[in-house]
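First comes the structure, then the notes that go with it.
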Amino acid sequence: MDSGNNENSWINESPLLAALDIKNPFSVPFNYFAESKDRINGLCMVENARFNLEEEFSIPVSYFEDLTAQIETRISEDNLHLLAAQHGFKVKQNYFTELESKIINRTELDKVLNKATVVSLKNNWFKYAAAAALVAIVFGSVLFFNNQNRSISSQLNKITDQDIVSYLQINSGIGDTPVIFENINLSINLSDFSSEFSDVELENYINTTL
């Protein structure tokens with residue numbers, strides 16, 4: 337086979353293509369290959385500096401410690417999906433048939449429990465109210481008696497010694513003398529009067545006062 341004829345055969349078959357100018361359709365920037373070495377070295381330096389930075393890549397805390405558990409969990413999830421696809425999910429027999437009655441029973445139970453709670457709260461409230469009323473009565477009584485005692489004491493403090501002496505001179509008798517001496521804490525010896533009063537004067541005093 338003549339290779340020259342083969343090379344020229346396409347010219348005869350495609351004259352329009354053969355009429356086009358033969359030139360390289362690709363072009364490169366000016367001095368591309370002359371500067372490619374410096375450009376490649378610069379990129380290498382940038383990459384090396386980036387990888388030398390600390391904490392360029394970080395991992396979560398306790399990543400490797402929890403890795404085994406995470407892998408086992410993922411495997412279990414995949415197995416669960418496989419089992420669900422093969423066997424599906426099952427419910428108890430008569431589950432939906434008995435569901436309505438279970439819900440109704442639970443609702444009635446909740447009503448009973450709520451009612452019992454309300455009654456208990458009312459009873460406790462009455463107890464607390466009664467206790468508070470009792471405390472108020474006792475406290476009021478104490479205040480009343482204290483005020484009464486203070487009132488009596490204040491009234492007694494207004495009585496002068498001369499008023500007391502005048503009252504005793506009018507209303508007391510000879511039998512009240514020991515009681516009066518006892519309450520005023522006076523120690524009187526009747527023998528002391530013998531030197532100041534005669535027997536006749538004492539006898540006359542007794543006769544007039546008895």
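Numbering-wise (the numbering used here), the sequence shown opens with residue 337 and increments by one.
Virtual Cβ for every residue (Gly too), placed ideally from N, Cα, C.
Is residue i helix, strand or coil by DSSP?
i      : result
LEU356 : coil
VAL397 : coil
PRO365 : coil
GLN406 : helix
ALA348 : The residue you asked about is not Ala; residue 348 is Asn in the sequence shown. ASN348 falls in the helix class under three-state DSSP.
LYS428 : coil
Take residue i and list the residues in its own chain whose beta-carbon comes closer than 8 Å to its own, dropping the five residues that flank it on each side.
i      : result
TRP346 : LEU353, ALA354
GLY378 : none
VAL536 : none
Buried or exposed: where does residue i fall if 16 or more other Cβ atoms within 10 Å of its Cβ makes it buried?
i      : result
LEU356 : exposed
With a threshold of 7 Å (Cβ to nearest heavy atom), would residue i be considered close to the ligand SAH?
i      : result
GLU434 : In terms of ligand content, the structure shown is empty, and the ligand SAH therefore cannot be addressed.
Closest Cβ-Cβ distance between residue i and chain B: below 8 Å?
i      : result
ARG375 : Looking at the structure shown, chain B is missing, and only one protein chain is on hand.
Less than 7 Å between C-beta atoms, sequence neighbours within five positions excluded: which residues of the same chain meet that for residue i?
i      : result
TYR399 : none
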